[in-house]
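Asker:
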Amino acid sequence: MPLVKQGRIITDAFAHVPDGAELPGDGAILISAARFLEDPEAFSRRTGKTGVIWPNNRDLDDLVPYLDRLAVVALVFPSFRDGRAYSQARLLRERHGYDGELRATGQVLRDQFVFMQRAGFDAFEVKKESDAEAFAATVKRYSVFYQPTGDGRVTALNRRMQSRHSESAAR
Amino acid sequence: MYAYDELDRTLINERVSEFRDQVKRRLSGELTEDEFKMLRLQNGVYLQLHAYMFRVAIPYGTLSSKQLRQLAHVARRYDRGYGHFTTRQNIQYNWIKLAELPDALSDLAEVGIHAMQTSGNNTRNVTSDQWAGVAPGEIEDPRIWSELLRQYTTLHPEFSFLPRKFKFAITASEHDRAAIKIHDIGLRLIKNADGETGFEVLVGGGLGRTPFIGKTIKPFVHGRDLLSYVEAILRVYNQYGRRDNIYKARIKILVHELGIEKFAREVEEEWQQLRDSALTLDHADIEEIRSRFSYPAYEKLPHMPDELKQAAHDPLFERWRKNSVFPHKVQGYSIVTLSLKPVGGPPGDATADQMDAIADLADRYSFGEIRVGHEQNLALPHVAKRDLPVLWKALDKIGVATPNVNLVTDIIACPGLDYCSLANARSIPIAQELTRRFANHDTANLIGRLHINISGCINACGHHHVGHIGILGVEKNGEEFYQITIGGRADENAEMGTLIGPAVPYAEVADVIEDIVEAYLALRDRAEELFVDTVKRLGVEPFRERVYATR
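Chains as they are written, first to last, in our numbering: chain R, -4 to 166; chain F, 296 to 846.
#1: Along the stretch 690 to 705 of chain F, where does the CB come closer than 7 Å to a CB of chain R? Name the residues.
#2: What's the C-alpha gap between Arg537(F) and Gln107(R)?
#3: The stretch 446 to 459 of chain F: which residues have C-beta closer than 9 Å to a C-beta of chain R, in chain order?
#4: Closest Cβ-Cβ distance between Ala404(F) and chain A: below 9 Å?
#5: Name the two residues that bound the continuous beta strand (DSSP E) containing Val(-1)(R).
#6: When you compare the CB of Asn487(F) with every CB in chain R, is at least one pair closer than 9 Å?
#7: Closest by CA to Lys361(F), which one among Leu729(F), Asp402(F), Leu396(F)?
#8: Counting Cβ pairs, one atom from each stretch, are 3 or more of them under 8 Å apart for the stretch 326 to 346 of chain F and the stretch 634 to 646 of chain F?
#9: Please tell me whether Leu366(F) and Ile386(F) are closer than 9 Å, where the distance is taken between their beta carbons.
#10: Of all Cβ atoms in chain R, is any one closer than 9 Å to the Cβ of Glu564(F)?
#11: Answer with yes or no whether the minimum CB distance from Asp117(R) to chain F is below 9 Å.
#12: Near Asn719(F), what residues of its chain come up, given a Cβ to Cβ distance below 6 Å and the 5 sequence neighbours on each side ignored?
#13: What beta strand (DSSP E) runs, 3 residues minimum, are completely inside the stretch 10 to 98 of chain R?
#14: Verify whether the separation of the beta carbon atoms of Thr382(F) and Gln671(F) is less than 9 Å.
#15: Step through the CB atoms of chain F and report whether any lies within less than 9 Å of the CB of Phe75(R).
#16: Can you tell me which residues form a DSSP beta bridge with Gly762(F)?
#17: Flag Ser634(F) as yes if its beta-carbon sits less than 9 Å from any beta-carbon of chain R, otherwise no.
#18: Can you give the Cα-Cα distance for Lys624(F) and Leu596(F), rounded to whole angstroms?
#19: Any beta carbon of chain R sitting closer than 9 Å to that of Asn533(F)?
#20: Can you tell me which of Arg40(R), Val47(R), Asp21(R) puts its alpha carbon nearest to the alpha carbon of Arg204(R)?
#21: Pull out every residue of the stretch 721 to 749 of chain F whose Cβ sits closer than 8 Å to any Cβ of chain R, in chain order.
#22: Ordered along the chain, which non-local residues of its own chain (more than five positions away) have a Cβ less than 8 Å from that of Ser619(F)?
#23: Could you give the C-beta distance for Leu497(F) and Ile475(F), rounded to a whole number, given that I count them as a contact under 8 Å?
#24: What is the C-beta distance between Ile485(F) and Val562(F), in whole angstroms, given that I count them as a contact (C-beta under 8 Å)?
#25: Give the straight-line distance between the Cα atoms of Asn52(R) and Gln83(R), rounded to the nearest whole angstrom.
#26: The beta strand (DSSP E) spanning Tyr447(F) covers which residue range?
#27: Quick one, which residues of the stretch 126 to 152 of chain R are near chain F if we go by CB-CB under 7 Å, in chain order?
#28: What residues from chain F crowd round Ala114(R), counting only those whose CB sits closer than 8 Å?
#29: Hey, does Phe9(R) have any beta-carbon neighbour from chain F nearer than 9 Å?
#30: Does DSSP put Val835(F) in a helix, in a strand, or in coil?
#31: List, in chain order, every chain R residue whose beta-carbon is nearer than 7 Å to that of Arg530(F).
#32: Is there a C-beta anywhere in chain R that falls below 9 Å from the one on Ile408(F)?
#33: Give the list of continuous beta strand (DSSP E) stretches no shorter than 3 residues that lie fully inside the stretch 109 to 159 of chain R.
#34: Using 8 Å as the Cβ pair cut-off and three pairs as the minimum, do the stretch 416 to 425 of chain F and the stretch 460 to 469 of chain F touch?
#35: Between which two residues does the alpha helix (DSSP H) harbouring Pro397(F) extend?
#36: Look at Ala516(F) and Glu495(F) and say whether their C-beta atoms are less than 9 Å apart.
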């Protein structure tokens, strides 16, 4: 599955380590929430970055205490119809101040890219090669946004207010 | 009327080009039908029994004449020359071709109309009182807030993949014409003690196989907090609404399972974190939206013009006026309902020619504005009383002046088995037969206000639970049967109807309804007692006896 970051397909620096498999001595790893929570301290003692795959039905409160030691949080879309991870993403970014990599994983299609970016995702494990290749073009599809989210895009309402102000300043 | 600005126009054009790409990918096989299904649903495209069905949004039921002409154009150019107005202020086309859909959308975008989120598991078209802005006694125009909500819910990055569909309705009048109590979120605009605008917020109403009346979650949410409070509700629902069973996925089930108190606490906790965020609306934000609404320059006109006095001698005119013309907040003006329920016709259908003619009449007599109501009728919201006689003649000529508004033949019906792949039974022919049985206007008038609602399956698109008489199509051993309920209502005193007995076969439905109506006429204690009030007073038993005594 191609990984897209900063608009390009890149090599994943994180090794997915399945539950039960031995951890590599060093290097960046991506592990399940269950494995991480068994002994969170153990991963701090390792050299190499840690990423956690967080299920979309598990309360974020269990993860929040460890956010500052995680390099990646991967949120899961078991199906693209299941939108719980959008809420988790916004909460991590906007409420808990998480600023590491926020990765979308699971059934990730190009039609979700803009929503995902707006919710705070900055890395995408994309299901289809053709969608990954279309990433840069797809995220430019929209230039108008009605809702304020943590992604910093200016909303339509704010743009209207700004143009009102500049109109009255020009008068 | 709300006028789109450059930003609104840009966004819907961007949506059209995205959908064009999605259709192209489907036609080339790059997208599977399963993947495409969700994407087309988010743009109002269903696969029905015979063809694709295309549902277009008419936000809060307000249309300009230019927009109505474009709806007519789409009916003519891409469909079979007619459209069907639904109970949620949408219009549906039943015979659209997939390959032509992007062009149809693009034509609609030219006049600021879209089909975004008219189906799928997302926030649907925001509906409101079809008399918004013109009803006497209204607190303020709820469409300002409807438009704020329309923008807020359009392509929401967090809530476009909810557990299930999600519907908003808003009213600002004491008498609820928007059926807010049967919506996922119902908003009743009110003022607090300081005269500030806010909302009583109801949550968890809905019909379908598990009907619930909405419950008040917060008695007053200040207008500035409307969006943050709605976001808190949606966030709790998005995370905790059930996704294991589509029949238990609506917010009403979550509210029911948690109980309204616990659900309200969850929402409150979330809202406390959100309330002072970028979602807070300041006065200037609200005024910015308000400034994009234009209102007619009404003339100063007499309450009773000569034209009306003269026309009062024509009994046919008077019959129509008493039935279809309603008081307006401005002296000398009226609201005119256009019945889309002709005798023998499918409820809510209008031909392209009718739509064009209505658009012309709106230009001439209603400041170019048309409204769509959840009862599947249209309205001209600003008609000078002096114009009523000439307007009536014109409406009659195109078949939309049947004087049956709110009467027994003003039937709400879903498309049923004639079109819909979900249906168990036909709805339209039942409605057509009932309009023939009660075609005599004097009889219908004698019966008085009586709402019949028909759904062809348990999904309840015809809102049968809240019909004064509700008719629900079910299937029994391959035959069409119908369950009859009575005593339901969709207004501020919303209630679910009660089943009167075993389901009856297709051929007997009209007879049964006639029996029920006859029983009512015999049982009511005076002519002014409405059917629904007689049922309330006496219960279903006397009606049950009458219907099943000989069956």
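Yeah, the Cβ is synthetic: ideal placement off N, Cα and C, and Gly gets one too.
Answerer: So, from the data block:
#1: Near chain R, meaning a CB-to-CB distance below 7 Å, no residue of the stretch 690 to 705 of chain F qualifies.
#2: Taking the Cα positions, Arg537(F) is about 22 Å away from Gln107(R).
#3: Against chain R - using a Cβ distance shorter than 9 Å - the residues of the stretch 446 to 459 of chain F are Gln446, Tyr447, Thr448, Thr449, Leu450, His451, Pro452, Glu453, Phe454, Ser455, Phe456, Leu457, Pro458.
#4: Within the model displayed, chain A is absent; protein chains R and F are what it includes.
#5: Here the beta strand (DSSP E) through Val(-1)(R) covers -2 to 0.
#6: Contacts with chain R at 9 Å (Cβ-Cβ) do not include Asn487(F).
#7: Out of Leu729(F), Asp402(F), Leu396(F), the CA that lies nearest to the CA of Lys361(F) is found in Asp402(F).
#8: The stretch 326 to 346 of chain F vs the stretch 634 to 646 of chain F: no contact.
#9: Going by beta carbons, Leu366(F) and Ile386(F) fall inside the 9 Å limit.
#10: Answer no: the Cβ-Cβ gap between Glu564(F) and chain R never drops below 9 Å.
#11: With its beta carbon at least 9 Å from every one in chain F, Asp117(R) lies outside the interface.
#12: Excluding positions up to five away in sequence, the list reads Cys752, Gly768, Val769, Glu770.
#13: Counting whole runs of 3 or more residues, the stretch 10 to 98 of chain R contains the beta strand (DSSP E) stretches 24 to 27, 45 to 49, 67 to 72.
#14: Yes. Within cutoff.
#15: By this cut-off, Phe75(R) is an interface position.
#16: Partner(s): none; Gly762(F) has no beta bridge.
#17: Interface criterion not met: the Cβ of Ser634(F) is under 9 Å from no Cβ in chain R.
#18: Each residue's alpha carbon lies about 13 Å from the other.
#19: So yes, Asn533(F) belongs to the interface.
#20: This structure gives no information on residue 204(R), because the portion of chain R shown stretches from -4 to 166.
#21: Only those residues of the stretch 721 to 749 of chain F whose C-beta falls short of 8 Å from the nearest C-beta of chain R would be listed, and there are none.
#22: So the qualifying residues of the chain are Val631, Thr632, Leu633, Ser634, Ala696, Pro698, Val700.
#23: Your pair Leu497(F) and Ile475(F) checks out as a contact, with CB atoms roughly 6 Å apart and the cut at 8 Å.
#24: That belief does not hold up - the Cβ atoms of Ile485(F) and Val562(F) are roughly 19 Å apart, past 8 Å.
#25: A straight line joining the alpha-carbon of Asn52(R) with that of Gln83(R) spans about 10 Å.
#26: Bounds of any beta strand (DSSP E) do not take in Tyr447(F); it lies within the alpha helix (DSSP H) bounded by 438 to 448.
#27: Listed by position along the chain: Arg136, Tyr137, Ser138, Val139, Tyr141, Gln142, Pro143, Thr144, Ala151, Leu152.
#28: Ordered by position in chain F, the residues that pass the 8 Å Cβ test against Ala114(R) are Pro452, Glu453.
#29: Taking Cβ atoms only, chain F never reaches closer than 9 Å to Phe9(R), which makes this a no.
#30: Three-state result, Val835(F): coil.
#31: When 7 Å is used as the limit between beta carbons, Arg530(F) is near these residues of chain R: Ser82, in chain order.
#32: In terms of beta-carbon proximity, Ile408(F) stays away from the interface with chain R, with every pair separated by 9 Å or more.
#33: Counting whole runs of 3 or more residues, the stretch 109 to 159 of chain R contains the beta strand (DSSP E) stretches 118 to 120.
#34: These segments touch.
#35: Residues 396 to 404.
#36: Reading the sequence as shown, one finds Val at residue 516(F) and not Ala. Yes, the Cβ-Cβ distance between Val516(F) and Glu495(F) is below 9 Å.
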